[in-house]
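In this note's numbering, the protein residues as written are 139 to 603.
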Ligand code: ARG
């Protein structure tokens, strides 16, 4: 097959090397973006007086036909056509349909900027889907928080019991991280909101293209600052991969929490049967496979980020073929993130909180800080209170008892400041109710945080939620 650039060469290229360099296998995902960019380019050429009105309309009609065909018949775009990339595919199909006018489309433009514009257009339409998937997971957490109601559980530091919290507070912690993930996508969207067209292969274009009008037509907020920079700029791919990596890190931490909390040792939540798998050997097993897979897949997305940064770092200014490596990393990160979000959402939606188990785990020695606060309220400096309670805890550990099993005389052996009211002051519920700050686990604060999260869900402008 003749290539777009065959004129320069006397001999045929090596078929294996052409196959090695071809990206159509994966960049066919940019099909509709490529057509969108080309239609806008043809219109811009026509406005600049470079294309006749007839040629421009023939090109537009041809491109629309190709788009329709691709939409109606997936095999049209997925067939092994031997095209080098999606840009070559579309142009060849166009020329096959409309002849000479099609051969004028590439005037003043290069594939270097075409791929840069296509990838941006692609992400502009795909990132909202990811935001929607993040919002769906937040909604599943909010729903679980509703079902958990006033249930209490221990919070952990160093994976050791720390202080009682509302189960809803713990769930909202994950929502807070997910909301940052959505915000990070907005930042990426701002970064990609830049039109590369008008840059030519590297030096700009010799035709008087109104790039501002073209940017507007394609929905870009601004025009690239520098033709050399933009032809080799894939920073936005790195930014997306970073957003995806951090998003996957959050999903992995969520997965880890629920792998632990649904295990027999914790039993805080019950996995729904639909989200678990059994063992081929051990009949009792109820394994959290989807969560484990998400945790595993986070490594793969982080790998794409690290790999892509490594691919970029040695490149001289301008376009280099190395940049073609951006797409497989980006597409796989996107697919993996989207699939992982869906998987975690369905696991979370099926969880059943075990309020009795979490309440039992929220009592006992993790009320030590509340005992110290009790003494502080009676006037003891906190450092002294810490020491008194530390000694008390040491004793209780040795005796295998907890605070609620102490008689008043026993309390008083440790400090004369203890009174009858210590019994009501030192419970998991009293502990959470004593918290005062808006970000705390105080029931009022958690109710407000839940309402705030619902409001966030209401305002987030994404498809599918
Ligand atoms: N398939 C190429 C890529 O993905 C498109 C740009 C090709 N440009 C070139 N000069 N070979 O980067």
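The beta-carbon is built from N, C-alpha and C at its ideal position, and this holds for glycine as well.
Task: Contact belief for residue 208 with residue 232 at Cβ below 8 Å, rounded distance in angstroms - done: In fact, because the Cβ distance is near 12 Å, the residues do not count as touching under 8 Å.
- [ ] Put residue 492 into one of helix, strand or coil per three-state DSSP.
- [x] Coil, per DSSP.
Open item on the list: Beta-carbon within less than 8 Å of residue 568's beta-carbon, same chain only, minus the 5 sequence neighbours each way: which residues are those?
Closed with: 508, 562
Open item on the list: Which same chain residues end up closer than 6 Å to residue 339 when comparing Cβ atoms and leaving out the 5 residues on each side of it in sequence?
Closed with: Beyond the five residues adjoining it in sequence on each side, residue 339 comes within less than 6 Å, by CB distance, of 248, 250 in the same chain, given in chain order.
- [ ] Taking only the alpha-carbon atoms, compute the straight-line gap between residue 188 and residue 429 and give it to the nearest angstrom.
- [x] 56 Å
Task: Cutoff 8 Å: residue 415 Cβ touching any chain C Cβ - done: Among the chains of the structure shown, chain C does not appear; only one protein chain is present.
- [ ] Quick one: grab the DSSP three-state call for residue 406.
- [x] coil
Open item on the list: Residues in the same chain with beta-carbon distance under 8 Å from residue 632, minus the five sequence neighbours each way, listed in chain order, please.
Closed with: There is simply no residue 632 to check, as the chain begins at 139 and stops at 603 in what is shown.
- [ ] Consult DSSP for residue 455 and reduce its assignment to one of helix, strand or coil.
- [x] coil
Task: Per-residue burial, residue 537 [other beta carbons within 10 Å of its own, 16 or more giving buried] - done: exposed
Task: residue 260 beta carbon near the ligand ARG (any heavy atom closer than 7 Å) - done: no
Open item on the list: Assess contact between the region 323-343 and the region 253-264, defined as three or more Cβ pairs (one per stretch) separated by less than 8 Å. Is contact present?
Closed with: yes
Task: residue 461 CB to nearest heavy atom of the ligand ARG below 7 Å - done: Yes, the Cβ of residue 461 comes within 7 Å of a heavy atom of the ligand ARG.
Open item on the list: Between residue 184 and residue 194, how many whole angstroms is the CB-CB distance? I'm expecting something under 8 Å.
Closed with: 4 Å
TODO: Report yes if the C-beta distance between residue 570 and residue 309 is below 8 Å; otherwise report no.
DONE: no
- [ ] Starting from the C-beta of residue 307, find all residues in its chain whose C-beta is less than 7 Å away, skip the five residues before and the five after it, and write them out in chain order.
- [x] 579, 584
Open item on the list: Measuring only the C-alpha atoms, how far is residue 164 from residue 487?
Closed with: 34 Å
TODO: Return yes when at least one heavy atom of the ligand ARG lies under 7 Å from the C-beta of residue 666, else no.
DONE: Lying before the first or after the last residue shown, residue 666 is absent from the chain, which here runs from 139 to 603.
- [ ] Report buried or exposed for residue 386, applying the criterion of at least 16 other Cβ atoms within 10 angstroms of its Cβ.
- [x] buried
Task: Proximity winner among 564, 358, 490, 527, relative to residue 411 (alpha-carbon distances) - done: 490
Task: Limits of the unbroken alpha helix (DSSP H) element including residue 285 - done: 249-286
Task: C-beta contact flag for residue 600 and residue 270 at 8 Å - done: Yes; because the gap between Cβ atoms is below 8 Å, this pair is in contact.
Open item on the list: Which complete alpha helix (DSSP H) runs does the region 159-205 hold, if anything under 4 residues is left out?
Closed with: Listed in chain order, the complete alpha helix (DSSP H) runs (minimum 4 residues) inside the region 159-205 are 162-165, 169-185.
Task: Beta-carbon proximity list for residue 260, same chain, < 6 Å, skipping 5 on both sides - done: 168, 171
- [ ] State the DSSP-derived secondary structure class of residue 387, mapped to helix, strand or coil.
- [x] helix
Task: Closest Cα partner of residue 505 within the set 478, 441, 302 - done: 302
Task: Pick from 350, 324, 274 that is closest to residue 179, judged by C-alpha positions - done: Nearest C-alpha to residue 179: 350.
TODO: Taking only heavy atoms of the ligand ARG into account, decide whether any of them is closer than 7 Å to the Cβ of residue 161.
DONE: For the ligand ARG, at least one heavy atom lies less than 7 Å from the Cβ of residue 161.
- [ ] Compute the minimum distance between the beta carbon of residue 249 and the heavy atoms of the ligand ARG, and state whether it is under 7 Å.
- [x] yes
Task: Local conformation of residue 216 per DSSP, three classes - done: helix
TODO: With a threshold of 7 Å, establish whether the CB of residue 253 neighbours any heavy atom of the ligand ARG.
DONE: yes
Task: Range of the contiguous alpha helix (DSSP H) that encloses residue 368 - done: 365-370
Open item on the list: Quick check: what's the CA-CA separation for residue 515 versus residue 292?
Closed with: Whole-angstrom Cα-Cα distance: 24 Å.
Task: Three-state secondary structure (DSSP) of residue 345 - done: coil
TODO: Work out the CA separation of residue 343 and residue 244 for me, nearest whole Å.
DONE: 11 Å
TODO: Count the CB pairs spanning the region 218-227 and the region 153-162 that are closer than 8 Å, and state whether there are at least three.
DONE: yes
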